[in-house]
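Chains as they are written, first to last, in the UniProt record's numbering: chain A, 1 to 344; chain B, 1 to 344.
Don't be surprised by glycine CBs; every beta carbon is placed ideally from N, CA and C.
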DNA sequence: CTGAAAGCGCTAACAC
DNA sequence: GTGTTAGCGCTTTCAG
């Protein structure tokens, strides 16, 4: 069944040695024009394709890069993956995508799996659960090519691509303040993640700037990033049943943001009349929501591209890359009805 | 940098031959208990991982399966991929995902790429553009393991996993009819795709059953499945500027459905007052739309699982599988406000 | 200009 | 029970 042609087959058919064929195929200058043409034409005719597995074994590299994200069914990550693929493909790399579903154990397993597949490098956005980063530290110390994006590891001076989370959250919070909301809650993913904390800091800074006190009861964490049933619902329930409930919510994670709306509605709140809403999300359909949703968008596609370019640079650099490269891009605040002043 | 242990390393360290180590590692019964224990312990200690590339070369299989879909940033496919991964993973297979972006050329390139990577099998949902299926026919004739899902190839008796498109469209159309709408348009992807035509047939059958005439001007195709800018907008524009415009639209593809809403709104139509809407989509947030969207949902996750199980069966079967396996599941109609009778 | 041979990591006949 | 060897497909010294 379906046996691809090998160099040996060509060699035999043409009465040459495998090395000659190999060299001809690779355009070595030390092969006669005649022979070269002969080989090339025959290879073309039989639709010869080099066996990448054999190549990998030989070259000790796989021309593939591993991607570790929480989920592909997530607007941000599916868009980022598009960016990753676009660059990887045109540079001749394969992309192997793995999902952690926010579990640290799956993350560790995925990394092992990818390493055992001899990927040439890793593109990683940490899972919500991850606290032990020693494996990454180890790989980093060995000079293994890795680029972190969006959810980066702390305490390691690695290559990374991030957005200005602080500014994104700051602007969004300030927009709510300018719209007249002063009681603003923060619905967040796990504080494990640096980006959660940075977004929180942006929120805090905006309130501070407007001389609004930060109330701890206005800050709710969903430690599984909204992946666990009821997590978001509980958080919202607690928030809205406070003696002095918030008038607005800023949600700082994709899944949380899109998850909020049906729950708030089910609880009987109108947006923004009863509670305004702004959130980090890359949903393509935020505009179609009821009401149209104010969002902080990340340039996911571009970030995927940048991270991949960075990684391929590191992989292909002749010498170990010691200084960590780091790129930060801006978020985009798109103001829609959900964070507008409530019409009275 | 980061040199994994090999069998040779172990053999040298322990003063054994590589074959002994290999056998011990694979639990061969002809190895002394002592030696076996020694090897296993040492392997454990140095965290030995067999090199899958060498294995692939040896066994002429890669323990990986290739996936060809139009996009991961698509609700249906990202969910299906979750299903695919869940099964593949637990069966020890890798998943390599490639995207066609609805281009036949990219599809062909992806298939070649995956074949050249020696994937053990292929999971395919055709691109919208695909009309030439000769390559698939060829692979099929060679007995190469393939399973098609959702968007299947015709004229080839292959393994496949589909939904009952006819019934899904029929039920949705009938619900619109029961809600009092009689002028119902069909917004569809390319008729290249069998599922587009099946869904169209379901729509037709429902109208027929209710003695409603099928108007050709009520049927609009987006030949790139909504991937090309302005495609959906044009279709809707044409539809709504008919002398006798439709009162309802059934959209038969994920991207089209979610794409419709902002466009209709921008054109100044209220849903469902001016035009009702129902559509095939697996969006998780259809409920949050304005208005909440009536959807025909496909069990994407399950379909991904089923297709993968089927594929792995074929791959691992001792003898070529000649009779084509075929599974069909039901869609689920979730009725929400967008297809309700318009309140007058 | 071309061929022979070694080697990437692993397994499996085939010795002994 | 364990070692030797060949071979998976390819590249690359080293010879000639």
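Spatially closest choice to residue i from the options, by CA coordinates
i	options	result
residue 132/A	212/A, 108/A, 122/A and 337/A	108/A
residue 65/A	85/A, 141/A, 319/A and 335/A	85/A
residue 30/A	301/A, 20/A and 87/A	20/A
residue 152/B	328/B, 45/B and 256/B	328/B
residue 375/B	305/B, 311/B, 267/B and 254/B	Nothing can be reported for residue 375/B: it is not among the residues displayed for chain B, which extend from 1 to 344.
residue 313/A	18/A, 93/A, 113/A and 229/A	93/A
residue 172/B	276/B, 113/B, 288/B and 80/B	276/B
residue 202/A	13/A, 27/A, 333/A and 174/A	174/A
residue 163/A	11/A, 300/A and 319/A	300/A
residue 80/B	17/B, 90/B, 321/B and 282/B	282/B
residue 26/A	14/A, 13/A, 43/A and 15/A	43/A
residue 157/A	140/A, 170/A and 150/A	140/A
residue 250/A	322/A, 295/A and 228/A	295/A
residue 47/A	100/A, 219/A, 271/A and 9/A	9/A
residue 154/A	34/A, 197/A and 293/A	197/A
residue 130/B	105/B, 150/B, 213/B and 318/B	105/B
residue 268/A	236/A, 293/A and 298/A	236/A
residue 217/B	223/B, 242/B, 4/B and 211/B	242/B
residue 63/A	322/A, 96/A and 223/A	96/A
residue 338/B	297/B, 325/B and 293/B	293/B
residue 252/B	222/B, 265/B and 38/B	222/B
residue 145/B	334/B, 319/B, 336/B and 335/B	319/B
residue 340/B	3/B, 212/B and 178/B	178/B
Inter-residue CB distance, residue i and residue j (contact presumed, cutoff 8 Å)
i	j	result
residue 6/A	residue 168/A	Their Cβ separation, rounded to whole angstroms, is 53 Å, which puts residue 6/A and residue 168/A out of contact at 8 Å.
residue 345/A	residue 239/A	Here chain A comprises residues numbered 1 to 344, so residue 345/A is not present and cannot be evaluated.
residue 147/B	residue 160/B	7 Å
residue 88/B	residue 291/A	Rounded, the Cβ-Cβ distance is 41 Å, inconsistent with contact.
residue 135/A	residue 111/A	6 Å
residue 262/B	residue 288/A	5 Å
residue 259/B	residue 232/B	5 Å
residue 278/A	residue 176/A	6 Å
residue 149/B	residue 303/B	6 Å
residue 121/A	residue 315/A	5 Å
residue 113/B	residue 98/B	7 Å
residue 78/B	residue 326/A	The Cβ separation is near 29 Å, so there is no contact.
residue 24/B	residue 12/B	No, residue 24/B and residue 12/B are not in contact; Cβ-Cβ is about 15 Å, not under 8 Å.
Where residue i falls: helix, strand or coil (DSSP)
i	result
residue 332/A	strand
residue 94/A	strand
residue 20/B	helix
residue 134/B	helix
residue 28/B	coil
residue 139/B	helix
residue 326/B	strand
residue 126/A	coil
Entirely within the segment 209 to 239 of chain B and at least 3 residues each: give me those beta strand (DSSP E) ranges in chain order.
219 to 221
Pick out the complete beta strand (DSSP E) segments inside the segment 243 to 314 of chain A, 3 residues or longer, and give them in chain order.
248 to 251, 276 to 280 and 294 to 297
Residue ranges of each beta strand (DSSP E) run of no fewer than 3 residues wholly in the segment 141 to 223 of chain A, ordered along the chain?
146 to 149, 159 to 163, 184 to 188 and 219 to 221
Specify whether the segment 309 to 325 of chain B and the segment 239 to 249 of chain B touch according to this definition: at least 3 beta carbon pairs, one from each stretch, less than 8 Å apart.
no
Does the count of Cβ pairs from the segment 51 to 61 of chain B and the segment 41 to 58 of chain A closer than 8 Å reach three?
yes
At 4 residues or longer, what runs of the alpha helix (DSSP H) sit wholly inside the segment 34 to 87 of chain A?
52 to 59
May I ask you to verify whether the segment 113 to 128 of chain A touches the segment 189 to 199 of chain A, counting CB pairs closer than 8 Å and requiring at least 3?
yes
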